[in-house]
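Asker: The numbering of the sequence shown is our numbering, which starts it at 2 and goes up by one.
No residue lacks a Cβ here, since even glycine has one placed at the ideal position from N, Cα and C.
None of these values were measured; they are calculated from a predicted model.
Please see the structure below; I have some questions.
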Amino acid sequence: MTEVEKLEKKYIEERVRIMKKLMEVYGEEVLEIAAAEKSKIEAERVKEKYKEYIPVNMKDYYKYAFNEFENLADLLGQEILKQTEDELIVKVSSCQYCSNYSSIPGGRMIGKKMICNMDAVITEALNEAFIVERPSRMMDGDEYCIFKILRKNSVCHENNEE
Numbered sequence: 002m003t004e005v006e007k008l009e010k011k012y013i014e015e016r017v018r019i020m021k022k023l024m025e026v027y028g029e030e031v032l033e034i035a036a037a038e039k040s041k042i043e044a045e046r047v048k049e050k051y052k053e054y055i056p057v058n059m060k061d062y063y064k065y066a067f068n069e070f071e072n073l074a075d076l077l078g079q080e081i082l083k084q085t086e087d088e089l090i091v092k093v094s095s096c097q098y099c100s101n102y103s104s105i106p107g108g109r110m111i112g113k114k115m116i117c118n119m120d121a122v123i124t125e126a127l128n129e130a131f132i133v134e135r136p137s138r139m140m141d142g143d144e145y146c147i148f149k150i151l152r153k154n155s156v157c158h159e160n161n162e163e
């Protein structure tokens, strides 16, 4: 583990400890409030960072959402399974966030709210015509994550609604 990874793990452990204490005192709605606030902050960060490129196409979505933003290329073991103008399917087989949150008792629930649930926020910020589906998620105990990014009102999206 690199020094940066060790530091990130330490920060996650601290955040989980703080969040668990707040939930113990004020109830689980604290996690909902924190996740909602993080969603606003995340959307603002994405829109500011990529304002000259928004709305992005599917190819650029992958570049920004899976690689450049927060240096995710360094944190995720990933591969593109499919990429068209209307659909992007990415398999993530290793995730530093999941590893760190999963190593802490009660961490997965917090990680899912504070990390995984940001996928939809980032997607909407980059292109309001895109949606993200997560049929499998390592934070839920699955072997890998699947991200399906679909253009709203496309044949791909309509077929998934059936």
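(1) Could you work out which residue in 98, 114, 97, 63 is closest to residue 88 when comparing CA atoms only?
(2) Does the count of Cβ pairs from the segment 101-114 and the segment 48-59 closer than 8 Å reach three?
(3) Between the Cα of residue 78 and the Cα atoms of 119, 85, 68, 13, which residue gives the shortest distance?
(4) Residues in the same chain with beta-carbon distance under 7 Å from residue 143, minus the five sequence neighbours each way, listed in chain order, please.
(5) Below 6 Å CB to CB, which residues in the same chain sit around residue 120 once its five sequence neighbours on both sides are set aside?
(6) In the DSSP output, what is residue 149 paired with across the bridge?
(7) On the premise that residue 55 lies in contact with residue 127, defined as a C-beta separation below 8 Å, what is that separation, rounded to the nearest angstrom?
Answerer: Answer, in terms of the structure:
(1) 63
(2) no
(3) 68
(4) 137
(5) 133
(6) 90, 134
(7) 6 Å
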